[in-house]
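Peer 1: Residue numbering for the sequence shown follows our numbering, beginning at 795 and increasing consecutively. Just so it is clear, CB atoms sit at the ideal spot from N, CA and C, and this is done for glycine as well.
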Amino acid sequence: MSSRQCRGLIRSAVVTALAAALGGQLAHAADAQMGGSHENDHRTASPIKHVIVIVGENRSFDHVFATYQPRRGESVDNLLSKGIVNIDGSPGPNYALARQNSAVDTGAYSLAPGGKTPYNQVNHKLQAPGTSYAPQTCYTDVATASLDGPGCMATLALAAEADYGLLLRDLPLLTEGATGLPGGSPDSRIVGYSNLPNGPYPLVTLQNGSQVSLYDTYGGSPVHRFYQMQQQLDCDVSKATDSNPSGCQADLFSWVEETISSGSNGGPPHALKEGDIALGFYNVAMGDAPYFTELARKYTLNDNYHQPAMGGTYADMMPLGYATELYYADADGNPAVPPANQIENPDALAGTNNWYTQDGYSGGSYSNCSDPSQPAVGAKLAYLAALKVPAQCTPNAFYLLNNYVPAFIGSGQTDPVNNGPFTLPPVIKQRHIGDLLSAAKISWAYFGERWNDFKTAPGLGANFGSLDPIAYLYCNICNPFLYSASTMTNPTEREAHNKDTLDLYDAIAKGDLPAVSMVKPSTFNDGHPASSKFSLFEAFTRKIVDAVRANPELWESTAILITVDEGGGYYDSGYVQPLDYFGDGTRIPLLVVSKYSTGGHVAHEYSDHASVVKFIERNWKLGKLGPLSRDNLPNPHTSRHNPYVPKNAPALGDLFGNFDFGDDRGEH
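(1) Which runs of the beta strand (DSSP E) at least 3 residues long sit entirely within the stretch 1148-1236? Give them in chain order.
(2) Helix, strand or coil for A823 per DSSP?
(3) Measure how close the beta-carbons of T1357 and V1342 come, nearest whole angstrom, since I'm counting them as under 8 Å.
(4) Is V985 helix, strand or coil by DSSP?
(5) What residues match up with W1238 in a beta bridge as DSSP calls it?
(6) For E833, count neighbouring Cβ atoms within 10 angstroms of its own Cβ and tell me buried if that reaches 16, exposed if not.
(7) Since V858 contacts Y1076 with CB under 8 Å, what's their CB separation in whole angstroms?
(8) Using DSSP with H/G/I as helix, E/B as strand and the rest coil, what is K1337?
(9) Can you look up F1248 in the DSSP assignment and give me helix, strand or coil?
(10) Below 8 Å between beta carbons: does that hold for V849 and V1387?
(11) With L1089 as the anchor, note down where its alpha helix (DSSP H) starts and where it stops.
(12) Taking the alpha carbon of A1170 as the point to measure from, which residue in S1329, L997, T1151, T1188 has its own alpha carbon closest?
(13) Quick check on the burial criterion: 16 or more other C-beta atoms within 10 angstroms. Buried or exposed for P1133?
(14) Please report the Cβ distance between F855 and D1366, rounded to the nearest whole angstrom; I am assuming they are in contact, meaning their Cβ atoms lie under 8 Å.
(15) Put Q1026 into one of helix, strand or coil per three-state DSSP.
(16) Output the residue ranges of the beta strand (DSSP E) runs that lie fully inside the stretch 1368-1395 and measure 3 residues or longer, sorted by chain position.
(17) Which of the three DSSP states, helix, strand or coil, is assigned to I1071?
(18) Please report how far the alpha carbon of A1256 lies from the alpha carbon of Y1198, in whole angstroms.
(19) Can you tell me whether G1456 is buried or exposed? The criterion is at least 16 other CB atoms within 10 Å of its CB, across all chains shown.
(20) Note down, in chain order, each residue of its chain lying with its Cβ closer than 6 Å to the Cβ of Q1026, except the 5 sequence neighbours on either side.
(21) Give every residue of the same chain whose Cβ lies closer than 7 Å to the Cβ of L1175, excluding the five residues on either side of it in the sequence, and list them in chain order.
(22) To the nearest angstrom, report how far apart R893 and L990 are at their CA atoms.
(23) Just mark P1315 as buried or exposed, buried being the case when its beta carbon has 16 or more other beta carbons within 10 Å.
(24) Can you tell which of S1205, P1383, S831, S869 has the C-alpha that lies nearest to the C-alpha of N1246?
(25) So, using beta-carbon positions, are Y1466 and G1057 closer together than 8 Å?
(26) What span of residues does the beta strand (DSSP E) with L1000 cover, start to end?
(27) What runs of the beta strand (DSSP E), each 3 residues or longer, lie entirely inside the stretch 858-945?
(28) So what's M828 in DSSP terms, helix, strand or just coil?
(29) What residue does the alpha helix (DSSP H) around D1300 start on, and which one ends it?
(30) Output the residue ranges of the beta strand (DSSP E) runs that lie fully inside the stretch 1123-1150 and measure 3 residues or longer, sorted by chain position.
(31) How about G1106 and N1038: are their beta carbons less than 8 Å apart?
(32) Do you know offhand how far E1350's Cα is from K1389's?
(33) From the DSSP output, in three-state form, read off Y1116 for me.
(34) When the Cα atoms are used, what is the spatial distance from D1454 to Y903?
(35) In whole angstroms, what separates the C-alpha of A1324 from that of F1334?
(36) Using a 10 Å radius around the Cβ and a threshold of 16 neighbouring Cβ atoms, would you call N917 buried or exposed?
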């Protein structure tokens, strides 16, 4: 299963079916009580009675906020503050801090390969960034469109027909930004694309002799898989310092992109298409990401929030539900052994430099991280042991590390199309935060855009020719609860806790919002590189924030957490703390929007998606999910000299440090 398939990159069948399918999609099915029981919703440890978590796609903190300048009295850790770039995006006095290297790994997998050599612009050039599967032109007719991805619509009428996640004022965003380039070609729009500097570069193009931002356009998508990111971060205990005790150097992003890229599929090396996209960044100081910059200046921005796992969407969404990763299980929910070709083996094929033996979409996505004899596992366990960090792996369990679909479809049945090797079996024994909330009679729901289409689809397994095409816009690998038997096999639970964003808008307007709401946009609006634009995710978020603010009673007691699933493989210069076998990974943006997070504060509390679980548990006075889940980790203690590195590592914040409740704290 390719990442394009997993992320809902729709081929012509989708757009062909779009007009017909949308005709009845605004009709709401009869709802179960919104989010389940509300009995204990307001018994909280803070004034927050509702939390809304909005999750976009695939952008690192520096990729978005590289040049953000906070208000006076606040500090931020980014490319500009480190002197890596200047405010105009050009190389700064400390540009060498972000220098990238090539390396040599010709045998057993190495977390920190040797033989490193810096790239240069003469005889050791970086590959030109590619356009990957980004749309070349905007659709002119949904009946005849033949582009690879959702892309853009040629007219406002088509945009209005195709989408319900944006305000009318933002619909034009869906009608612009195609690359105008042949698929898979170098992205010649980017200034200096054929002779890139060895470090971060601004995503700008030339128009009439002036540099113009590429922010509101579609582009390429870097590699973002588990063992690839581990190498990109280049974590070496021998390089550990007081300010960087993990020893992660983040200097192999380009090399990994140019050697293994997005998966070997167990086959011989072949030409790669992505090129060096990972070092590209937007420039908020010059007007990029305007809405999120506005929110950062009005509310709170966290510059120490991380993707919870190395890798991509699936591995980074599961901690939002389970505060850990999921393993392959038998019919009773006990650890079991997956098919042989599904086990990761990132050792290099003979005669190659870092071309993985088995890491692709025809196999290679599970690791038994309790067994040091397994490929790559011994190297990671040795690194963690040197740092005295427990791996937190269930004995004999093979954990899924990359994107596979859940066993359940929207109806609650197991997938009738293909319940095979690319499907994670039902999760039975691992509990999620919804289980705790339901047991405590606290309402919650996962609002996924296009759920109303997805829940009636016949199946979403690996046989993609059989899909209901419009349902493909729903991100099934994003929903942690879709993997769970406790939610999906119980009709009451399934209906109460799986909703469309249409239901979210209704709930906000009526003031009937669940205590906990997790929100995921469709493939159109999630901001994923190539298939979407970050400006669309900004617009999707704006609609929700404006709706909450328009309801004064709701605004009084609601916190909106805005983030992305993971960094998408984009470079980031921030500290990365090892928490267990799975992560953390690079920093990603987190905006905290509420009455209790105003003023343009930049919070430095070390946190990741499992921190959302910790916040919910603390605020609604719940227990823990399990002995190995991250909600057991202590809150970080840091020094004033370095607020980014926990002295009591491994440690993880509960997000309370992002708010100022003043004296209004305690029993509510």
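Peer 2: Let's see:
(1) Counting only runs of 3 or more, we get 1150-1152, 1160-1162, 1192-1194.
(2) Legend: pLDDT at A823 = 36, less than 50; position of this residue unreliable, value from coordinates given subsequently. Coil at A823, not helix or strand.
(3) 17 Å between Cβ atoms; not a contact.
(4) coil
(5) In the DSSP output, where bridge partners are listed per residue, W1238 has V1310.
(6) Label assigned to E833: exposed.
(7) 6 Å
(8) K1337 sits in a helix when the DSSP states are folded into three classes.
(9) helix
(10) no
(11) 1084-1092
(12) T1151
(13) exposed
(14) 5 Å
(15) helix
(16) 1384-1387
(17) coil
(18) Because A1256 sits at a pLDDT of 35, beneath the cut-off of 50, its placement in the model cannot be relied upon, and the following sentence gives the value as read from the coordinates. Taking the straight line from one Cα to the other gives about 9 Å.
(19) exposed
(20) L1046, F1047, V1050
(21) P1166, A1185
(22) 12 Å
(23) The residue in question, P1315, is buried, as its Cβ has 16 or more Cβ neighbours within 10 Å.
(24) Taking only the C-alpha atoms, the option nearest N1246 is S1205.
(25) In the structure as shown, the chain begins at 795 and stops at 1462. Residue 1466 is therefore absent and cannot be evaluated.
(26) 998-1001
(27) At a cut-off of 3 residues, the continuous stretches assigned as beta strand (DSSP E) that sit fully inside the stretch 858-945 are 895-898, 908-912.
(28) coil
(29) 1295-1304
(30) Here the runs fully enclosed are 1139-1142.
(31) no
(32) Here the C-alpha atom of E1350 lies approximately 6 Å from the C-alpha atom of K1389.
(33) helix
(34) 46 Å
(35) 17 Å
(36) exposed
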